[in-house]
Structures are given as C-alpha cells and as structure tokens.
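Participant: Can you read through this structure? Questions will come right after.
2 protein chains.
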Amino acid sequence: MTGKIITISRQFGSGGRTVGREVAEKLGLKCYDSEIIRQIAEESGFSEDYVKENGEYTEGSGLFNNFGPVDFYGRSNRITIWTEQCRIIRKLAHEGPCVIVGRCADYVLRDEADLLRVFVYSDMESRAKRVVNEYGETDEKIEKRLRDKDKRRAAYYEIYTDQKFGDPQNYDLCLNSGTLGIDECVNMIVNLYQKDNK
Amino acid sequence: MTGKIITISRQFGSGGRTVGREVAEKLGLKCYDSEIIRQIAEESGFSEDYVKENGEYTEGSGLFNNFGPVDFYGRSNRITIWTEQCRIIRKLAHEGPCVIVGRCADYVLRDEADLLRVFVYSDMESRAKRVVNEYGETDEKIEKRLRDKDKRRAAYYEIYTDQKFGDPQNYDLCLNSGTLGIDECVNMIVNLYQKDNK
Chain A
0 MTGKIITISR
10 QFGSGGRTVG
20 REVAEKLGLK
30 CYDSEIIRQI
40 AEESGFSEDY
50 VKENGEYTEG
60 SGLFNNFGPV
70 DFYGRSNRIT
80 IWTEQCRIIR
90 KLAHEGPCVI
100 VGRCADYVLR
110 DEADLLRVFV
120 YSDMESRAKR
130 VVNEYGETDE
140 KIEKRLRDKD
150 KRRAAYYEIY
160 TDQKFGDPQN
170 YDLCLNSGTL
180 GIDECVNMIV
190 NLYQKDNK
Chain B
0 MTGKIITISR
10 QFGSGGRTVG
20 REVAEKLGLK
30 CYDSEIIRQI
40 AEESGFSEDY
50 VKENGEYTEG
60 SGLFNNFGPV
70 DFYGRSNRIT
80 IWTEQCRIIR
90 KLAHEGPCVI
100 VGRCADYVLR
110 DEADLLRVFV
120 YSDMESRAKR
130 VVNEYGETDE
140 KIEKRLRDKD
150 KRRAAYYEIY
160 TDQKFGDPQN
170 YDLCLNSGTL
180 GIDECVNMIV
190 NLYQKDNK
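Chains as they are written, first to last, in numbering that gives the first Met the number 0: chain A, 0 to 197; chain B, 0 to 197.
Here's what the structure looks like:
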C-alpha cells in the first residue's frame, strides 16, 4: 500500500464530514462516510438508519444502555455492528489511500496502516449554527441536542477504543473549524498529505 | 495593533518552545519565553529560577499546595507572580505582533488581542527522548518526571484559567510534534499566519 490513509474524527456539527469530502476531492481519493454505513447495513441486515445511530453512539447517557438488544446467539446488536464496521474499515483501507470519516477508524487501523489522524472540532455556537442550517430546527434546544450527541459519541468511542474521544494524543492534528474555517482546515490537511506523499 | 499574536501552549518535552522560536524567526517576530520570566523577576524581586518554577507549575500534586508562602500583605507569592505575569504579557502584546510561549498567554489575552492559539504536544516516548537530549539524565525515572510536570502544569493552568489544559477547545490548532516533526509544525503555523495577515 502506498500513501497514507486520512482518518477524520469530528465533533457533531463541526463540519468534519464536509472537510473529509473536500480533502478527498482535492486529493483525488475516495471518501468513506455513508458508504461504510451502507455496507454494514448490507452485510448485517440492519437498516441504514439503525446502523447510523448504533455504530457511533451509545443508546443513552448511561453506560448500562450501551449494548442494547441481543441476537439469537446472545451477541448485542452493537457488537455485531462494531465487528462488521471494523472488518469493512480494514477492507477499504487495504484497497488503498482514502479518507475515512468517523467510525473510530483512527483506532481500528492504528496498527495496520500509515495514517494521518485528524480531529475536527469547534465551539458550541458555530456548531449550533451549522446544525440548524444543515438539519433544520427541532423541538429540542439545540445546545442540549449537541451536548447529548457529544456525550453519546464520546461514550461510544471510549467503550470501544479505551481511549478518550477528542484527546489530542490520539491524533496528529486537531483543527478548530469554527475559528480556522472549513476551507483552511481542508487546505492544511491537503498540504500536509501532499508533502508526506511526494 | 495589526497582525495576530501567536500563543504557544505546550506539553513539557514536546519541543513547543523550539517551535515558537523558529516560527518567530521565520516571520520576523519577537518570541517571548524566558524574556517574560526575566521581566517578572526584575519587577517582583524573585529570582528567575523561582519565577520559572512558580509561574507555570503548582507546587505539588495537591491543590492545597498551590498558593505557597505569602508576602507581608498576605498575598501568596504565586498570586504576585501571576498578577505580574498577566501585566507583562498584556504589555508585550500591545507592543505588536509576537510569539508568546506558555504562561497561559492564550487565556490572559483572550479578550484583548487577535490570537492564533496553538497547542503543541507529543507522545510520552518522543518527549522522554527530547528531555534527556536537552536536559540530560536525572536520578528520577524520566516518565515519572514527565507525568509529574504534566500534572503540575495542568493544575496550574486549570486553577488560574478555569479551563482544562490541553483541551482542543482552547486552541485554534493542536499539533503532534512527535508524529508531524518540529519542522512541519513550524511550517504549518507560519503558512497559516502568513495567509491570515496578507
């Protein structure tokens, strides 16, 4: 395999997904985001919505909610999704350089690929703005919604990886999309990648 | 005031101080690091070594050790140093664009200057290597020394700023000098700064 794989961890609403897509476009790489969800759904039989919700978030705020329903063999649905997710991420990574957004890919590939591990985050205010623009308003207060998503995504990451979500130590580069702007985040990653792969 | 001020927070042994100096050199800016210590010592009457140790670290691992000896007016020496440190950082910042390494400058200047806030960090192994190269061996085990420094620097930052040391939210950019290398960290900051100040 030549060239690095870029993994993008991101806070909900930080625009990390957009960053991933634009980086991939500029570098002529594939970007895996909803594609992973589609493949997990296909292989596991769960709906895409179910995979989306259970492949990156714990069910509630308590750890005891984490494993949810079990299948015929006593395996939790979440464990099934996690196992499938790991398998698909490894398969995609072995096909060649690409950008993978979310899904703990930085952790899954830590020992088997040359990675550029990026974390995209932002302040509450600019995330709230972006989420309302992208997904529309809901009855729930936007800050509450963000805090709930943060908590559940962090808990998911911590349970499956035994690492702290958003801890700089897990990444090569952490970018504040709220102050730097999406374009600058994209440029920095692209420049770094191009230098590394000269 | 035109142009941003670059603040560099750094983990002990990450090479953040070197990054700061090289960034300043490339941009033709002044870099304030030991200069701040010298000025605090001059104004407060404490020795430079005392200021160095008490202007960025708590005394021991317990919070109760934080304020240490008091002066004639009942003010803790640490509070005196902190107050002087804030005053000098503000004064230097108002003289024009510069690079300030450490000393909670990101927090002190948060409401009064246009900042590019950088955090430089690295993994334990490469920090240990750098510290031994730079400061030599000691009787104390190097990892223990680093962990102790981390704990005391983080406690200091948290007590005086009410923010978490090393939390990406406090910075625009967090760079892993262990995986990116010092030169690349310098380049990224310089490029970003030059774009911002075109």
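A virtual CB, placed ideally from N, CA and C, is assigned to each residue, including glycine. Since this is a predicted model, take the numbers as computed values, not measurements.
From residue 78 (chain B) to residue 149 (chain A), what distance separates their C-alpha atoms?
Facilitator: Cα to Cα, the separation comes out at about 36 Å.
Participant: Who are the Cβ neighbours of residue 60 (chain B) in its own chain at under 6 Å, not counting the five residues just before and after it?
Facilitator: Residue confidence is low: residue 60 (chain B) scores 45 on pLDDT, short of 50, so the model does not pin down where it sits. Its coordinate-derived value is still stated next. 150.
Participant: Taking beta-carbon pairs under 8 Å, can you tell me which members of the region 172-193 of chain B lie near chain A?
Facilitator: 172, 173, 174, 175, 178, 179, 183, 187, 190, 191
Participant: Quick check: is the beta carbon of residue 1 (chain B) nearer than 8 Å to any beta carbon in chain A?
Facilitator: Because residue 1 (chain B) carries a pLDDT of 49, less than 50, the predicted location of this residue cannot be relied on, and the following value inherits that uncertainty. No - not a single Cβ of chain A is within 8 Å of the one on residue 1 (chain B).
Participant: Checking the sheet assignment: what are the DSSP bridge partners for residue 134 (chain B)?
Facilitator: None, per the DSSP bridge assignment.
Participant: Does the separation of the CB atoms of residue 122 (chain B) and residue 177 (chain B) fall below 8 Å?
Facilitator: yes
Participant: Just the Cα atoms here: how many angstroms apart are residue 13 (chain B) and residue 137 (chain A)?
Facilitator: Whole-angstrom Cα-Cα distance: 44 Å.
Participant: Taking only beta carbons into account, state which residues of the region 149-167 of chain A come closer than 9 Å to chain B, listed in chain order.
Facilitator: 165, 166, 167
Participant: Can you tell me where the alpha helix (DSSP H) holding residue 143 (chain A) begins and where it ends?
Facilitator: 141-160
Participant: Using a Cβ-Cβ cutoff of less than 6 Å, which residues in the same chain neighbour residue 29 (chain A) once the five nearest sequence positions on both sides are dropped?
Facilitator: 97
Participant: By how many angstroms is the C-alpha of residue 133 (chain A) removed from the C-alpha of residue 130 (chain B)?
Facilitator: Those two C-alpha atoms are separated by around 47 Å.
Participant: Quick one: is residue 165 (chain A) buried, meaning 16 or more other Cβ sit within 10 Å of its Cβ, or exposed?
Facilitator: buried
Participant: Does the beta carbon of residue 11 (chain B) come closer than 8 Å to any beta carbon on chain A?
Facilitator: no
Participant: With 8 Å as the threshold, decide whether the Cβ of residue 170 (chain A) is near any Cβ in chain B.
Facilitator: yes
Participant: Tell me, to the nearest whole angstrom, how far the beta carbon of residue 126 (chain B) is from that of residue 145 (chain B); I am working on the premise that it is less than 8 Å.
Facilitator: 6 Å
Participant: My guess is that residue 159 (chain B) and residue 56 (chain B) are in contact by the Cβ rule of under 8 Å, so how many angstroms apart are they, rounded?
Facilitator: Not a contact, Cβ separation roughly 11 Å.
Participant: Can you tell me whether residue 8 (chain A) is buried or exposed, with buried defined as 16 or more other CB within 10 angstroms of its CB?
Facilitator: buried
Participant: Would you mind giving the Cβ-Cβ distance between residue 184 (chain B) and residue 174 (chain B), rounded to the nearest angstrom? I have them listed as a contact below 8 Å.
Facilitator: 5 Å
Participant: Using a Cβ-Cβ cut-off of less than 8 Å, give me the residues of the region 117-141 of chain B that come near chain A, in sequence order.
Facilitator: 118, 120, 122
Participant: If you follow the alpha helix (DSSP H) that residue 16 (chain B) is in, where does it begin and where does it stop?
Facilitator: Taken as a continuous stretch (DSSP letters only), the alpha helix (DSSP H) holding residue 16 (chain B) covers 15-26.
Participant: At which residues does the beta strand (DSSP E) containing residue 163 (chain A) begin and terminate?
Facilitator: Run containing residue 163 (chain A): none; DSSP gives neither H nor E here.
Participant: Taking residue 99 (chain B) and residue 49 (chain B) to be in contact with their CB atoms under 8 Å, please state how far apart those CB atoms are, rounded to whole angstroms.
Facilitator: About 21 Å separates the two Cβ atoms, so there is no contact after all.
Participant: Check the Cβ-Cβ distances between residue 143 (chain B) and every residue of chain A, and say whether any is below 8 Å.
Facilitator: no
Participant: Thinking C-alpha only, which one of A:105, A:93, A:163, A:36 is nearest residue 52 (chain A)?
Facilitator: A:36
Participant: What's the call for residue 6 (chain B), buried or exposed, on a 16-neighbour Cβ count within 10 Å?
Facilitator: Counting the other CB atoms within 10 Å of its CB gives residue 6 (chain B) a total of 16 or more, which places it among the buried residues.
Participant: Measuring straight from C-alpha to C-alpha, what distance separates residue 63 (chain A) and residue 43 (chain B)?
Facilitator: Below a pLDDT of 50, predicted positions are generally treated as unreliable, and residue 63 (chain A), at 48, falls in that range; no measurement from the model is reported.
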